[in-house]
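Reading through the structure tokens given below for one structure.
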Amino acid sequence: MRISTILLATTSSLFIANIVHAEIYKCEINGITSYSQFPCDEGNKSKGTYQPNPPSMTYKPTMPLAEYYLENEKVPVNTMDAGDAISIYNTQCNRDSYSGVIQNISAYSTYVTTITVTFKYYKLGMEKQIWDRQTKVLKLQPGRSTLFSIKGRAAPTSYNIDCVVSRHVKFVDSTVTR
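Residue numbers (mature numbering (1 follows the signal peptide of the UniProt record, and there is no 0)): -22 to -1, 1 to 156.
Put into structure tokens, the structure is as follows:
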């Protein structure tokens, strides 16, 4: 795959180079301008060679082709399971907020974590009812931790409050490549 891509790029750049350097003549016959690869007839004056503008998209590598393709094939590697990389601790469920510390324990990978807190209210003998649901998105760099707080609407004081937490972790980037 890599060799065929290099050959295709080399062949197409040679083809474009030949088209750009071809001589094209601009001829005017009875007030009509035409372009040809051949000089105009003797009766019609040739306006000289016409050089078209170079193609707008030309490939100009800043490094040799082999290095260019090897550099672009490097892919970030997820160094550990995303769910294991994010740790939430010191959590507290209050009447209208949920707070804690979230930490990325991976030394190499960046993750985006979406935390959803569902605040439920209940009384003894009653089924829990959803009072509020809030979501927060946090981007965690390798080895970093941060305090977070998710605010909900204030719950009535006559009910008990329970926080149901779910999280979704997504791999973003890594300093390790293959």
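In this text, a Cβ means the ideal position worked out from N, Cα and C, and glycines have one as well.
Computed from a predicted structure; not experimentally measured.
- Taking C-alpha positions only, residue 81 is separated from residue 66 by approximately 6 Å.
- In the displayed model, residue 19 falls within coil according to three-state DSSP, outside both helix and strand.
- Cβ-Cβ distances below 8 Å link residue 84 to 57, 58, 63, 120, 121 in the same chain, with the five nearest sequence neighbours on each side left out; the list follows chain order.
- Inclusion of residue 114 and residue 140 in the CB contact set at 8 Å is not warranted, their separation being larger than that value.
- Note on residue 93: 16 or more other CB atoms within 10 angstroms of its CB, so buried under the neighbour-count rule.
- Annotation: the continuous beta strand (DSSP E) that includes residue 110 extends over 107 to 118.
- Inclusion of residue 53 and residue 155 in the CB contact set at 8 Å is warranted, their separation being smaller than that value.
- Note that the C-beta distance between residue 77 and residue 126 is below 8 Å.
- Under the three-state reduction of DSSP output, residue 59 falls in the coil class, being neither helix nor strand.
- When secondary structure is reduced to three states using DSSP, residue 124 falls in the strand class.
- Bridge pairing for residue 83: absent [DSSP].
- If you draw a straight line from the Cα of residue 101 to the Cα of residue 135, it comes to about 11 Å.
- With 16 or more other Cβ atoms from the protein chains shown falling within 10 Å of its own Cβ, residue 152 counts as buried.
- Of 150, 110, 7, the smallest CA-CA separation from residue 117 is found for 150.
- Counting along the chain, residue 143 sits inside the beta strand (DSSP E) bounded by residues 138 to 152.
- By the C-beta density criterion, residue 130 is buried, having at least 16 other C-beta atoms within 10 angstroms.
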